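Notes follow the structure.
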Ligand code: ADP
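Residue numbers (my numbering): 929 to 1119.
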């Protein structure tokens, strides 16, 4: 029993090291990042909008809109991939987060699906480095702390079973978001 306990502890330490090595939390503008893929908090039309979506379309240039128009939309909780065009990132993974309606409309599961489907899309393209904004936590009104917990939980679950992705970067736009991400990382990932 003692060695079983030790093995479980070794496993936990290994997971923790892997998470610390692969997850980065930064404050900044996601459109500036030189990563293989950035995730866009898009809307169902995929035709651009405000917030991070608008910033991504502005930086990528009009060819992005031409491609997303052809893709023809995306259901909430799913993800679609386009090129990055004038962005430093090679790919944009467009995922559509839920609009927060108080929490009884399956919002938490839908947000978790966004992360799972975005990781699946990243793997499909052979991506090594991917950056996420706080999907749904802007105009869509999802409480930031809850959104961050879901992001961390899904990322941990994905990374535990994956050896292809080298880096997951959480990009926080504000100082407040940075603090919440850092706190959630400490309690949910390394605790
Ligand atoms: P949603 O409609 O899914 O809520 P928003 O774009 O309104 O999407 O907000 C999602 C998050 O992205 C918010 O935390 C917002 O502060 C952040 N954000 C806005 N612009 C950028 C950017 N250029 N880089 C990174 N994050 C951004």
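All C-beta atoms in this analysis are idealised placements derived from N, C-alpha and C, irrespective of residue type, glycine included. Keep in mind the model is a prediction, meaning the values are calculated, not measured.
Rounded C-alpha distance that separates residue 1110 from residue 953: Between the C-alpha atoms of residue 1110 and residue 953 there is a straight-line separation of about 7 Å.
Distance, Cα to Cα, residue 1061 vs residue 1030? Looking at the backbone, the Cα of residue 1061 and that of residue 1030 are separated by about 21 Å.
Cβ neighbour criterion (16 or more within 10 Å) applied to residue 935: With fewer than 16 Cβ atoms within 10 Å of its Cβ, residue 935 is classed as exposed.
What number of angstroms, rounded off, separates the C-alpha of residue 1047 from the C-alpha of residue 1054? If you take the alpha carbons of residue 1047 and residue 1054, they lie about 11 Å apart.
Whole-angstrom distance between residue 979 and residue 1067, CA atom to CA atom: Here the alpha carbon of residue 1067 sits roughly 7 Å from the alpha carbon of residue 979.
Between the Cα of residue 1000 and those of 968, 1011 and 975, spot the shortest distance and give me the residue it belongs to. Looking at the Cα atoms, 975 is the closest of the given residues.
Separation of residue 1005 from residue 1096, as counted between CA atoms: Roughly 19 Å separates the two Cα atoms.
Assuming residue 1023 and residue 964 form a contact by the criterion Cβ under 8 Å, report the distance between their Cβ atoms to the nearest whole angstrom. Not really, about 16 Å apart at Cβ, beyond 8 Å.
Please classify residue 1092 as buried or exposed, where buried requires at least 16 neighbouring CB atoms within 10 angstroms. Around the beta carbon of residue 1092, fewer than 16 other beta carbons sit within 10 angstroms, so the residue counts as exposed.
To the nearest angstrom, how far is the alpha carbon of residue 1064 from that of residue 991? Cα-Cα distance, rounded: 25 Å.
According to DSSP, is residue 979 part of a helix, a strand, or is it coil? In the structure shown, residue 979 adopts helical secondary structure according to DSSP, grouped into three states.
Hey, would you say residue 1016 sits closer than 8 Å to residue 1074, going by beta carbons? No, Cβ-Cβ distance for residue 1016 and residue 1074 is not below 8 Å.
Helix, strand or coil at residue 1064 according to DSSP, with G and I counted as helix: DSSP places residue 1064 in coil when its eight states are reduced to three.
What residue from 1052, 1072 and 1007 has the CA that sits closest to residue 1036's CA? Of the candidates 1052, 1072 and 1007, the one whose C-alpha sits nearest the C-alpha of residue 1036 is 1072.
Can you name, in chain order, every residue of its own chain whose Cβ lies under 7 Å from the Cβ of residue 987, other than the five neighbours on each side? Here the set comprises 959, 1014 and 1015.
Would residue 1042 pass as an interface residue toward chain B - the criterion being a Cβ-Cβ separation below 8 Å? Although the question refers to chain B, the structure presented lacks it and comprises just one protein chain.
Reference residue 1026; option with closest CA among 1007, 948 and 995: Out of 1007, 948 and 995, 1007 has the C-alpha closest to the C-alpha of residue 1026.
Would you check whether the ligand ADP has a heavy atom nearer than 7 Å to the C-beta of residue 1099? Within the cutoff, so yes.
Assuming residue 971 contacts residue 957 under a Cβ cut-off of 8 Å, what Cβ separation, rounded to an integer in Å, is found between them? Contact doesn't hold; Cβ gap of about 20 Å is too wide.
Give the secondary structure of residue 1018 by DSSP, where H, G and I count as helix, E and B as strand, and everything else as coil. Here residue 1018 sits in coil by DSSP.
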